[in-house]
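Sequential numbering of the sequence shown, starting at 345, is according to the numbering used here.
Just so you know, even glycine gets a beta-carbon here, dropped at the ideal spot from N, CA and C.
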Amino acid sequence: MALQEKYQAVLDSINQNGGVDVSVSENNGVLNITATVPTPTEKVNVWNKIKEVGGDNPADLVADIRMINSEIASGGTTEAEPLGKRTYVVKSGDTLSKISKEMYGDANRYMDIFNANTDKLSNPDNIQPGQELIIP
Numbered sequence: 345m346a347l348q349e350k351y352q353a354v355l356d357s358i359n360q361n362g363g364v365d366v367s368v369s370e371n372n373g374v375l376n377i378t379a380t381v382p383t384p385t386e387k388v389n390v391w392n393k394i395k396e397v398g399g400d401n402p403a404d405l406v407a408d409i410r411m412i413n414s415e416i417a418s419g420g421t422t423e424a425e426p427l428g429k430r431t432y433v434v435k436s437g438d439t440l441s442k443i444s445k446e447m448y449g450d451a452n453r454y455m456d457i458f459n460a461n462t463d464k465l466s467n468p469d470n471i472q473p474g475q476e477l478i479i480p
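Here is the structure:
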């Protein structure tokens with residue numbers, strides 16, 4: 345349970361941000377956390393804490409942070425992302441290649457990110473700050 349201790353600040357953040365349906369398990373050196381938070385703001389807060397504790401791409405953590413109001417926020421029904429997929433909030437100056445380099449260590453895998461987000465993106469060269477992308 346050393347990983348739970350390492351990521352205790354993340355679990356605390358989930359609780360402080362209104363997290364419900366929290367599930368934590370550890371398998372083969374990887375901590376799996378699932379939780380539901382009320383809004384995108386709380387979701388970003390939790391992801392910021394994950395990055396603070398484990399870095400931008402923690403190999404020892406799989407987190408599935410969903411939103412209670414995802415249907416309302418998106419204007420329709422959505423399925424929460426599957427366990428094992430990460431999300432990334434686009435910052436000013438980001439490109440899919442830059443995000444790919446940061447997440448995978450290979451800028452040429454940008455099309456993997458684009459293909460996972462065709463519901464939000466129509467052109468791999470046109471991303472906007474604040475967009476939340478799935479990182480497969």
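Problem - Nearest residue (CA-CA) to Ile394, options Gly373, Gln348 and Asn372 - result: Gln348
Problem - Inside the region 363-418 only - alpha helix (DSSP H) runs reaching at least 4 residues - result: 384-398 and 414-418
Problem - Ala379 vs Ile409 beta-carbon contact at 8 Å - result: yes
Problem - Which listed residue (Asp365, Tyr454, Val390 and Asn371) has its alpha carbon closest to that of Ala353 - result: Val390
Practice task
Taking 8 Å as the cut-off, decide whether the C-beta atoms of Ile377 and Ala407 are in contact.
Solution key: yes
Practice task
Taking Thr431 as the reference, give the member of Pro402, Asn452 and Asp365 with the closest Cα.
Solution key: For the residues Pro402, Asn452 and Asp365, the minimum Cα distance to Thr431 belongs to Pro402.
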